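Q: So the number in the numbering used here is just where the residue sits in the sequence shown, counting from 1, plus 27. After the structure tokens below, expect a handful of questions from me.
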Amino acid sequence: MNVNGTHYRTIWLRAGDSRIVEIIDQRALPHRFVIEKIATSAAMSTAISEMHVRGAGLIGAAAGYGMYLAALEASRSRTLDKRLAESGALLKSTRPTAVNLAWAVDRQLVAMAQGSTGKEKIVIALETANRIADEDAEACRAIGDHGLEIIRAISRQKGGTPVNILTHCNAGWLAFVDHGSATAPIYAAHDAGLAVHVWVDETRPRSQGSKLTAWELGQHGVRHTIIADNTGGHLMQHGMVDLVLVGTDRTTRTGDVANKIGTYLKALAARDNRVPFHVALPSSSFDWKMRDGLREIPIEERGSEEVKFADGWRGRRHLEVRVAPQDSPAANYGFDVTPARLVTGLITERGRCRATEKAIVALFPEHARKPARNRRPVAPAGRVAKLSCH
Ligand code: MRU
């Protein structure tokens, strides 16, 4: 993606110093474009948990580079493998819902086990981190090609008048290494000369829609309008949405989709109004072991201050303001699960399919073997919603 005309990925190695990873600190967007240097695996864990980087694909790539930094740090230690396992556990504990995080850490640990010396492990870790990042960018590019066909068909039906697409949170370039998942078909359609307009859900409490999606659509020249989170149903009732296109942090092999809190309500409104609801994802966001999204997917619960405060910039000053009574408790569930029955289709790097186990496995036959039944849910890595009443 281009930022003011210069091509960027969201994560890369520092030119001239491959012991440093650089990221875009997304907390400052859209007001400032800040590049942050990450020199240790612990700093990468902090960057993930405090959301300097976020979004399923980027979290996975960041974890991949975090493990490379861990290999650099531990290479001379006598307890190298133990230290790598500890760094992996810390990275995994930062955010529990996006499966890409654990997937990338485990991939690194398996790959590094092939090396016998510290030096070998470093080389393997760097290769693997680069491969995870490159695969993520390439998967998103391919998702763009496959999703473009959906937009093209709607555009044809509408005689070339703008296709109105509603999206939630940021499943864009900033949530991956490049292109984005939900935004990739939008960019592809825009680049192909189709008229598109995007309704951008603000996505409280962290406002990834209004801060990040709106910014990146603007950088690409895509027409868009920011809406408050509760607006989508009204727009759908009035025929102002042709397609809902979202990303996912974890999708079960049966097609249940975990995504940013509020996605489920959009899916319900879409079903009630016969608006197609598509989910775009690279295969790294499938959890091949899970079958029941509602029962098994760990839902992150973040601090209540994210709900009770809003933040922004006045000139060069970052300000936080309270938007709720000081003494009222607040709950902050980060994600929800949209059951497969509400999903019109999935868009992956290998093509499109229905949100059913049969159709998903037909696209990814290497995962055809069913996971053991009645296995206990995977122990959640981070802070997980208690689902209590407040
Ligand atoms: O809490 P975030 O900003 O990491 O959540 C991101 C989302 O929910 C995106 O929609 C999601 O990651 C899907 S696309 C990567």
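Where a beta carbon is used, it is the ideal one built from N, C-alpha and C, also for glycine. None of the values given here were measured: they were computed from a predicted structure.
Going residue by residue through the stretch 199-277, where are the continuous beta strand (DSSP E) segments of at least 3 residues, counting only ones entirely within it?
A: 223-228, 250-254, 270-273
Q: Measuring straight from C-alpha to C-alpha, what distance separates residue 60 and residue 330?
A: 26 Å
Q: May I have the straight-line CA-CA distance separating residue 215 from residue 106, to the nearest angstrom?
A: 48 Å
Q: Residue 202 and residue 289: beta carbons closer than 8 Å?
A: No, these two residues do not count as a Cβ contact at 8 Å.
Q: For residue 314, which option in 130, 38, 159, 74 has the closest C-alpha, if you only look at C-alpha atoms?
A: 130
Q: So, is residue 402 buried or exposed, given that buried needs 16 or more other C-beta atoms within 10 angstroms?
A: In this predicted model, residue 402 has a pLDDT of only 47, less than 50, meaning its place in the structure is not dependable enough to derive any value.
Q: What is the rounded straight-line gap between the Cα of residue 224 and the Cα of residue 87?
A: 30 Å
Q: Evaluate contact between the stretch 170-182 and the stretch 119-137, counting only Cβ atoms and requiring at least three cross-stretch pairs below 8 Å.
A: no
Q: Should residue 413 be labelled buried (16 or more other beta-carbon atoms within 10 Å of its own) or exposed?
A: Low confidence applies to residue 413: its pLDDT is 43, below 50, so where it sits in the model is not reliable enough to give any reading.
Q: Just to confirm before moving on: does the CB-CB distance between residue 227 and residue 263 stay below 8 Å?
A: A distance of 8 Å or more separates the beta carbons of residue 227 and residue 263.
Q: Reducing DSSP to helix, strand and coil, say where residue 127 ends up.
A: helix
Q: Classify residue 64: buried if its beta carbon has 16 or more other beta carbons within 10 angstroms, exposed otherwise.
A: exposed
Q: Report back the beta-carbon spacing between residue 271 and residue 238 to the nearest angstrom; my notes put them in contact at under 8 Å.
A: 20 Å between Cβ atoms; not a contact.
Q: Decide yes or no for the touch test of the stretch 94-108 against the stretch 133-150: beta carbon pairs closer than 8 Å, at least 3 of them.
A: Yes, the stretch 94-108 touches the stretch 133-150.
Q: Just to confirm, does residue 235 get its C-beta within under 7 Å of one of the non-hydrogen atoms of the ligand ADP?
A: Of the ligands one can find in the structure shown, namely the ligand MRU, none is the ligand ADP.
Q: Say yes only if the C-beta of residue 275 is nearer than 7 Å to one or more non-hydrogen atoms of the ligand MRU, and no if none qualify.
A: yes
Q: Figure out for me which residue from 356, 268, 382 has the closest Cα to the Cα of residue 367.
A: 382
Q: Taking DSSP as the reference, what is the three-state secondary structure of residue 105?
A: coil
Q: Indicate whether residue 233 and residue 256 have their beta-carbon atoms separated by less than 8 Å.
A: For residue 233 and residue 256, no; Cβs fall outside 8 Å.
Q: Could you check if residue 380 belongs to the surroundings of the ligand MRU, using beta carbon to heavy atom distance under 7 Å?
A: no
Q: How big is the Cα-Cα spacing for residue 260 and residue 370?
A: 16 Å
Q: Which of the three DSSP states is assigned to residue 394 in this structure?
A: helix
Q: Since residue 284 and residue 320 should fall inside the 8 Å C-beta cutoff, what is the C-beta to C-beta distance between them, to a whole number of angstroms?
A: 7 Å
Q: With distances taken from CA atoms, which of 338, 44, 82 is nearest residue 208?
A: 82
Q: Mark residue 417 as exposed unless 16 or more other C-beta atoms lie within 10 angstroms of its C-beta, in which case mark it buried.
A: Confidence at residue 417 is low in this model, with a pLDDT of 37, below 50, so the placement of that residue should be treated as unreliable; the coordinate-derived value is given next. It is exposed - the Cβ of residue 417 has fewer than 16 other Cβ atoms within 10 Å.
Q: Say the cut is 7 Å; is the CB of residue 182 nearer than that to a heavy atom of the ligand MRU?
A: Annotation for residue 182 indicates a beta carbon at 7 Å or more from all heavy atoms of the ligand MRU.
Q: Exposed or buried, residue 406, counting other C-beta atoms within 10 Å across all chains shown (16 or more means buried)?
A: Confidence at residue 406 is low in this model, with a pLDDT of 37, below 50, so its placement is unreliable and the value that follows should be read with caution. So residue 406 ends up on the exposed side.
Q: Checking 8 Å against the spacing of the C-beta atoms, do residue 194 and residue 240 come in under that value?
A: yes
Q: What are the uninterrupted segments assigned as alpha helix (DSSP H) that are 4 or more residues long and contained completely in the stretch 130-188, given in chain order?
A: With a minimum length of 4 residues, the continuous alpha helix (DSSP H) runs that stay inside the stretch 130-188 are 145-184.
Q: Roughly how many whole angstroms lie between the Cα atoms of residue 404 and residue 317?
A: Residue placement at residue 404 is poorly supported in this model, since its pLDDT is 44, which falls under 50; the coordinates still yield a value, given next. Roughly 8 Å between the two C-alpha positions.
Q: Would you call residue 397 buried or exposed, if buried means 16 or more other Cβ atoms sit within 10 Å of its Cβ?
A: exposed
Q: Where residue 70 and residue 96 are concerned, what is the direct C-alpha to C-alpha distance, given to the nearest angstrom?
A: 10 Å
Q: Let me know the secondary structure DSSP gives residue 302 once reduced to three states.
A: DSSP places residue 302 in coil when its eight states are reduced to three.
Q: So the candidates are 51, 29, 326, 66; which of them puts its Cα closest to the Cα of residue 45?
A: 66
Q: What first and last residue would you give for the beta strand (DSSP E) that runs through residue 357?
A: Counting along the chain, no beta strand (DSSP E) covers residue 357, and no H or E run does either.
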